[in-house]
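Comments concern the structure below.
2 protein chains.
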Amino acid sequence: MNNLESLAKLIRYYSLVMSTEAGSGHPTSSLSAADLMTGLLFGGTFKYDLDNPQNPNNDRLIFSKGHASPLFYSLWAAAGKVTEKELLSFRKFNSPLEGHPTPAFRYTEAATGSLGQGLSIGAGMALNAKYVDKLPYRTYVLLGDSEMAEGSQWEAMELAAHYKLSNLLGIMDVNRLGQRGETMYGHDLDVYRERVTAFGWGAIVIDGHHLPQILAAFEKVKEITDRPVMIIAKTLKGKGVSFIEDKNGWHGKPLKKEELSRALEELGPIDKTITGQISKPENRKPTEQIAQKLRPVSYTGVKGVATRHAYGSALVRISPRFPNMVVLDAEVSNSTFSELFKEVHHERFFEMYIAEQNMVGMALGLSLRNKIPFVSTFAAFLSRAFDQIRMSQYSNANIKFCGSHAGVSIGEDGSSQMGLEDLAMFRTLLDSVVLYPSDAVSTDKLVEAMAEHKGIAYIRTTRKDTPILYRNDEVFRIGGSKILRSNPKDVAAIVAAGITVHEALKAYEELKKENIFIRVIDLYSIKPIDAATLKQAAKDTGAIITVEDHFEAGGIGEAVQSALAGQPVPLYSLCVRKMPKSGKPDELLDFEEISAKAIIKKVKEIAKGRKGSAR
Amino acid sequence: MNNLESLAKLIRYYSLVMSTEAGSGHPTSSLSAADLMTGLLFGGTFKYDLDNPQNPNNDRLIFSKGHASPLFYSLWAAAGKVTEKELLSFRKFNSPLEGHPTPAFRYTEAATGSLGQGLSIGAGMALNAKYVDKLPYRTYVLLGDSEMAEGSQWEAMELAAHYKLSNLLGIMDVNRLGQRGETMYGHDLDVYRERVTAFGWGAIVIDGHHLPQILAAFEKVKEITDRPVMIIAKTLKGKGVSFIEDKNGWHGKPLKKEELSRALEELGPIDKTITGQISKPENRKPTEQIAQKLRPVSYTGVKGVATRHAYGSALVRISPRFPNMVVLDAEVSNSTFSELFKEVHHERFFEMYIAEQNMVGMALGLSLRNKIPFVSTFAAFLSRAFDQIRMSQYSNANIKFCGSHAGVSIGEDGSSQMGLEDLAMFRTLLDSVVLYPSDAVSTDKLVEAMAEHKGIAYIRTTRKDTPILYRNDEVFRIGGSKILRSNPKDVAAIVAAGITVHEALKAYEELKKENIFIRVIDLYSIKPIDAATLKQAAKDTGAIITVEDHFEAGGIGEAVQSALAGQPVPLYSLCVRKMPKSGKPDELLDFEEISAKAIIKKVKEIAKGRKGSAR
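As they're listed, the protein sequences go chains Y and E.
Residue numbers for the first sequence follow the working numbering, so the first one is 1402 and each next one is one higher.
Residue numbers for the second sequence follow the working numbering, so the first one is 1402 and each next one is one higher.
What follows is the structure, encoded as structure tokens:
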């Protein structure tokens, strides 16, 4: 049996010392949860294979309040897996012990630090345990009281209750104090109890510094098998050191050397020889999934298909090859066509309702448990989860996003439903893949390529039907492009993607009648980008015109400009520059000057300018 | 007294006819709320000056479920302010009656259509009434049950309760059916009642098709003076037309012509001669605010100041000139330094806690009531509210955003806290202003320029102290830049902003020792951008190097490339390309190759290349 009092004291000692050494960090936020976490990890509840953090049977521990990283690292030190010397590298360049937990530290489940995200990630892991891997591991999420103000928390609450995730436990560290003062509710634990209960969770209210109460709570949780549970713990920020305990003004502030001496004196003798013991989990195997061969893409004889429809069909087609894929949708599966997957694989489709932030958080949790989540909603509404998407890159996520209803070409529904910044958003992510196919064949092939690729990938789909452009055996690769029209006499290269590829082809036909030739490039992979083809086009034609159903900033035009930055060529960007509105798709493409008409006009300007300068 | 039954029937008629004529739209979502809205507008509760939508005393009506736009437009038609002919232009190009409400229609308070945003906007308007304008108008928000899954709703709930906004009324249209099937709770109204109550609101549960109950509810609300109230109404989607009523598969689907005939037969005779009467509000004046002269900027004798600190000081300095400014912060006012404003103008500072989505929504509500909201948090966490920010552009918002702690230069806190995509995010918005000052003087001047400017403006501030570069009387304008170093022998122009301006100046000093000269441009206005100065620099030096503490996509490099697209010049972009981590600011600037060292290296490469080609 572990000596929990001594371990808690050791953990407090580590948390204080490492943050003072770093000269920054959050010792007081660590001290408030020290007893809770000591009780969890070393009180017999937590099962973990310390030598194999990736063991699929391990219980999972997520610090949603990532700023309590001194505590997080100290726990693993108390378990004997991190030395005191390593702790002293906290927050230093190249240390795995970063300011907020990241995967650089091998016991980190997910990068946290943007508040209100850990519960969704945990819910994703719990969903995986219950419905996909069918394993008995449990997921524990440490939450701050301040971060309960984030709406994303309540999304996670409602979805976890909906899916009856009794294998998910939240531990709310109600230390009363936020960064700049008291929270909305201070130590009124009843407010939290009522809300948690109203959202369908079990609630256990305890004194978060009373170890017997803490241990009893973890026991009691095991009896609740029909819903997730929240332990709501009354704690004191800075607990254990009188002059910082429950005091405002001590958020994110380490003790000065002299203050540390005083604090350690108060703590009294520390036993550094003890090691917290954690039992290993049972050795079970996740539900086995066997990969199978695929039927080939087949759009023979089909005239027009919306790429969003092709996305749904592709999910179904590729599913035998990727048995670990799961599909999540935010209550629009009949618009994104992810419902086609649901019809075939109901058990691997999860309805996430209109709560995009939690959808992305849960997808991250699933991804970190080795699933391949495909996440879909309207492109516009993925902006709702930008912070979760941004954070997922720091967890090395393997998530596939699909944004449907891209651009003004959706027509009548109007601006609120038009994704016009999604390419920019996904392009910002380090090493992301951003795809925007123009027809059903390329969509299908690229969905398969996304699944093969390890990392964050985004595919943008179009609402209305578009003609099939490619043969079933055409090859599409991430980072590629297609030259659809080419001629030695090309006066410019039109770089288009998605809906505007069809506009470019229309422009080509019209211009050809006047003996004006243009190169047409289908830039279906916006990132990575096929710089070689673009450079060749620049060299051959002397002018590049990008055409996109997207705002200017961060879109296709700027992506192409970045690719050609080293090789100067005149670049013209046709994109959405006027306030969009309702109307027919073609009216709106004309209005925004991204239609065949606008392309023709620009090409003629260029051709005329050349003639002019030649004269 | 209005004949409410007849009016409700007329409104149903309009909703059906206009959506059938449009060939798209959401008649069933309109029919479920038709009785509720008829009762509200024409039952004696709603006060409105129909000839002056901008009358500050008007009650405000927001359709958070913006897809019920047929109902919204029909209400004003029933009030005699829109003709049936105008209704038939619904969703057509250039009609003010767009697919989802926008300000193109003069009775629209705020553009909606991205769900879960209306309650925050309404809370902002109610906050304005209670604490700023001190007017008795009330704000009504129609909510769908599906959209209650959005976390942003619960942020609005908690903040509205916190500020005791008893002048805010939510009307929840629980029609059970979402887009692709039933909601999480169907017609279980108790779930909503418990949650609403737990979040500190009053709750009144009614039958949403029973006019006496509806009218009684609006009366009862008036008795509740210490908290906001939610009317939770059980309704049927498609109510009034038997073959679509409470039926799945009818979301966002207009009736076909033949179906419409059947539906109208069911509705029976419509009296088109009636007009719904709405009483005018009292004629009160908002609390008067008198603009006063400012003291000038003064950083004389100051060595280094963080631009985030200068932001806070600037808010205080400019406040006499802009008495309608209000300041909102997401629980980090001691980091963004908006607390400096709070100390002086407590009554115009609103703590929004860690709930960024609602903060932006409430800011929009305040802005639409003629306030100038300054909204601050860490740049990284503004990504949390991207959808709200995106939507605010469609409401012609006048909001000033400040994102502090930009870039890897924040140092030890690590990636989760680093704003590295904020410039891209704000640049996507149509007509947005994006500013990134490098010292305290320019920050202060630019904060004033933001307040003067009508529209969405963003300012990015830096965590650490930076030296003062400018004299107190230097002029900074939106769309401007400063040439800090210039010489006929310049081999390249360094285009920097914020923290990297100081790196560029360091590089200048080092290179000068070797008789290599560079132009240094402080591009403090990223959007609009000073294209003339950039073009001149390109012409004079033959090479542009952009340096930024931001990811590549949509950042300064791409903004500069867009500005120079017509005038080809070699462009080199130094930006954050590697996974950021914890460390000292200078270590991280070096690691990401955006420091003086990296600039020097790149300049020498260019200089060497030129010599090489000259040989």
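Cβ atoms here follow ideal geometry from the backbone N, Cα and C, with glycine treated the same way.
Bear in mind the structure is a predicted one, so any value in this text is a computation, not a measurement.
Got a sec: is the Cβ-Cβ distance from Y/His1563 to anything in chain E below 7 angstroms?
Mapped onto the first sequence, residue 1563 of chain Y falls at position 162. For Y/His1563, the answer is yes, since a Cβ of chain E falls inside 7 angstroms of its Cβ.
Give me the subset of the stretch 1646-1664 of chain Y whose CB atoms are less than 8 angstroms from a CB atom of chain E, sorted by chain position.
Within the stretch 1646-1664 of chain Y, no residue has a Cβ that lies closer than 8 angstroms to any Cβ of chain E.
Which stretch, first to last residue, makes up the beta strand (DSSP E) that contains Y/Tyr1541?
Your numbering for residue 1541 of chain Y matches position 140 in the first sequence. Unbroken beta strand (DSSP E) run through Y/Tyr1541: Thr1540 to Gly1545.
Apart from the five residues on each side of it in sequence, which residues of its chain come closer than 8 angstroms, Cβ to Cβ, to Y/Leu1408?
In the first sequence, residue 1408 of chain Y corresponds to position 7, counting from 1. Result list for Y/Leu1408: Thr1439, Phe1443, Ala1479, Ile1675 and Gly1677, in chain order.
May I ask you to report which of helix, strand or coil DSSP gives E/Ala2015?
By one-based count along the second sequence, residue 2015 of chain E stands at place 614. Summary for E/Ala2015: the model assigns pLDDT 48, below 50, so the residue's position carries little reliability, and this model does not support an answer.
Y/His1951 lies in the beta strand (DSSP E); which residues open and close that run?
Walking along the first sequence from the start, residue 1951 of chain Y turns up at place 550. Per DSSP, Y/His1951 belongs to the beta strand (DSSP E) from Ile1945 to Phe1952.
Only counting the same chain, and skipping five residues up and downstream in sequence, which positions put a Cβ closer than 6 angstroms to that of Y/Pro1454?
Counting from 1 along the first sequence, the entry for residue 1454 of chain Y is found at position 53. Contacts found: Arg1507 and Tyr1508.
Name the DSSP beta bridge partners of Y/Tyr1973, please?
Position 572 of the first sequence holds residue 1973 of chain Y. DSSP, once it has assigned bridges, lists Y/Ile1946 as partnering Y/Tyr1973.
Please name the residue or residues paired with E/Asp1866 in a DSSP beta bridge.
On the second sequence, position 465 is the one that residue 1866 of chain E refers to. BP columns for E/Asp1866 point to E/Ala1707.
Taking a contact to mean a Cβ-Cβ separation below 7 angstroms, would you say E/Ala1780 touches E/Glu1757 in this structure?
Position 379 of the second sequence holds residue 1780 of chain E. Position 356 of the second sequence holds residue 1757 of chain E. No.
Suppose you measure from the CA of E/Ser1839 to the CA of E/Val1703; what does that come to, to the nearest Å?
As a first step, residue 1839 of chain E must be located in the second sequence, where it is residue number 438. As a first step, residue 1703 of chain E must be located in the second sequence, where it is residue number 302. E/Ser1839 and E/Val1703: Cα-Cα distance of roughly 15 angstroms.
Since E/Lys1865 and E/Asp1923 should fall inside the 8 angstroms C-beta cutoff, what is the C-beta to C-beta distance between them, to a whole number of angstroms?
Stepping through the second sequence from its first residue, residue 1865 of chain E is reached at position 464. Stepping through the second sequence from its first residue, residue 1923 of chain E is reached at position 522. So it is not a contact: roughly 18 angstroms between Cβ atoms.
For the beta strand (DSSP E) containing Y/Lys1883, name the first residue and the last one.
Taking the first sequence and counting its residues from 1, the one referred to as residue 1883 of chain Y is at position 482. Y/Lys1883 -> beta strand (DSSP E) spans Lys1883 to Arg1886.
Any C-beta of chain Y sitting closer than 7 angstroms to the C-beta of E/Lys1410?
Along the second sequence, one-based indexing puts residue 1410 of chain E at 9. Not an interface residue.
Going by C-alpha distance, which of E/Gln1937, E/Leu1417, E/Gly1955 and E/Ala1939 is nearest E/Lys1658?
Counting from 1 along the second sequence, the entry for residue 1658 of chain E is found at position 257. Nearest C-alpha to E/Lys1658: E/Leu1417.
Taking Y/Thr1676 as part of the beta strand (DSSP E), name the residues at either end of that continuous run.
Here the question's residue 1676 of chain Y lines up with position 275 in the first sequence. Neither: Y/Thr1676 is in no beta strand (DSSP E) and is coded neither H nor E.
Decide yes or no for the touch test of the stretch 1719-1728 of chain E against the stretch 1554-1568 of chain Y: beta carbon pairs closer than 8 angstroms, at least 3 of them.
In short, these stretches do not touch, since the Cβ pair count stays below three.
Do you know offhand how far Y/Ile1860's Cα is from Y/Glu1849's?
The count along the first sequence starts at 1 and reaches residue 1860 of chain Y at position 459. The count along the first sequence starts at 1 and reaches residue 1849 of chain Y at position 448. Going by the C-alpha atoms only, they are around 11 angstroms apart.
Show which residues of chain E have a CB atom less than 9 angstroms away from the CB atom of Y/Thr1513.
Taking the first residue of the first sequence as position 1, residue 1513 of chain Y is located at position 112. Here the neighbours are Ser1817.
Assuming contact is defined by CB atoms lying nearer than 7 angstroms, are E/Val1842 and E/Tyr1795 in contact in what I supplied?
Position 441 of the second sequence, counted from the first residue, corresponds to residue 1842 of chain E. Position 394 of the second sequence, counted from the first residue, corresponds to residue 1795 of chain E. Not a contact, by the Cβ cut-off of 7 angstroms.
Could you check what DSSP says for Y/Thr1844 in three-state terms: helix, strand or coil?
Start at 1 with the first residue of the first sequence, and residue 1844 of chain Y comes out as number 443. Three-state result, Y/Thr1844: helix.
Quick check on this structure: which residue in E/Met1585, E/Lys1623 and E/Lys1486 has the alpha carbon closest to the alpha carbon of E/Glu1551?
Against the second sequence, residue 1551 of chain E aligns to sequence position 150. The shortest Cα separation from E/Glu1551 among E/Met1585, E/Lys1623 and E/Lys1486 belongs to E/Met1585.
Counting along the chain, where does the beta strand (DSSP E) carrying Y/Val1575 start and finish?
Working through the first sequence from its first residue, we reach residue 1575 of chain Y at position 174. Run containing Y/Val1575: Leu1569 to Val1575, per the beta strand (DSSP E) assignment.
Output the distance between the C-alpha atoms of Y/Glu1364 and Y/Ala1932, rounded to the nearest integer angstrom.
Absent from the structure is residue 1364 of chain Y, since the part of chain Y shown begins at 1402 and ends at 2016.
So, do the stretch 1963-1977 of chain Y and the stretch 1914-1923 of chain Y have three or more beta carbon pairs nearer to each other than 8 angstroms?
In short, these stretches do not touch, since the Cβ pair count stays below three.
Would you grab the beta carbon distance between Y/Leu1769 and Y/Glu1510 for me? Rounded to a whole angstrom, and I think it's under 8 angstroms.
Position 368 of the first sequence, counting from 1, holds the residue named residue 1769 of chain Y. Position 109 of the first sequence, counting from 1, holds the residue named residue 1510 of chain Y. Correct: roughly 6 angstroms between the Cβ atoms.
How about E/Lys1466: is its C-beta nearer than 7 angstroms to some C-beta of chain Y?
Counted from its first residue, the second sequence places residue 1466 of chain E at position 65. For E/Lys1466, the answer is no, since every Cβ of chain Y falls outside 7 angstroms of its Cβ.
Flag this pair as yes or no: are the beta carbons of Y/Leu1767 and Y/Gly1525 separated by less than 7 angstroms?
In the first sequence, the residue the question calls residue 1767 of chain Y occupies position 366. In the first sequence, the residue the question calls residue 1525 of chain Y occupies position 124. Their beta carbons are under 7 angstroms apart, which means Y/Leu1767 touches Y/Gly1525 by this criterion.
Taking Y/Ser1833 as the reference, which of Y/Thr1626, Y/Lys1772, Y/Leu1989 and Y/Ile1879 has the closest Cα?
Numbered from its first residue, the first sequence carries residue 1833 of chain Y at position 432. Residue Y/Ile1879 is the option with its Cα nearest to Y/Ser1833.
Going along the chain, which residues of its own chain have a beta-carbon closer than 7 angstroms to the beta-carbon of Y/Trp1477, five neighbours each way excluded?
In the first sequence, counting from the first residue as 1, residue 1477 of chain Y sits at position 76. Same-chain partners within the cutoff: Val1483 and Tyr1508.
Going by DSSP, what residue range makes up the beta strand (DSSP E) through Y/Ile1830?
Stepping through the first sequence from its first residue, residue 1830 of chain Y is reached at position 429. Note on residue identity: the sequence assigns Leu, not Ile, to residue 1830 of chain Y. Premise fails: Y/Leu1830 is in no beta strand (DSSP E) and is neither H nor E.
Taking DSSP as the reference, what is the three-state secondary structure of Y/Gly1603?
Within the first sequence, numbered from 1, the residue matching residue 1603 of chain Y stands at position 202. Reduced to three states, the DSSP call for Y/Gly1603 is strand.
If the cut-off is 9 angstroms on Cβ atoms, which residues from the stretch 1965-1978 of chain E count as contacting chain Y, listed in chain order?
Within the stretch 1965-1978 of chain E, the qualifying residues are Leu1965, Ala1966, Gly1967, Gln1968, Pro1969, Val1970, Pro1971, Leu1972, Tyr1973, Ser1974, Val1977 and Arg1978.
Quick check: is the beta carbon of Y/Arg1507 nearer than 7 angstroms to any beta carbon in chain E?
Residue 1507 of chain Y sits at position 106 when you count from the first residue of the first sequence. For Y/Arg1507, the answer is no, since every Cβ of chain E falls outside 7 angstroms of its Cβ.
Taking the C-alpha atoms as reference points, what is the distance between E/Ile1607 and E/Ala1618?
On the second sequence, residue 1607 of chain E is found 206 positions in, with the first residue counted as 1. On the second sequence, residue 1618 of chain E is found 217 positions in, with the first residue counted as 1. Between E/Ile1607 and E/Ala1618, the C-alpha separation is close to 8 angstroms.
E/Arg1461 bridges to which residues according to DSSP?
Taking the first residue of the second sequence as 1, we reach residue 1461 of chain E at position 60. Per DSSP, E/Thr1540.
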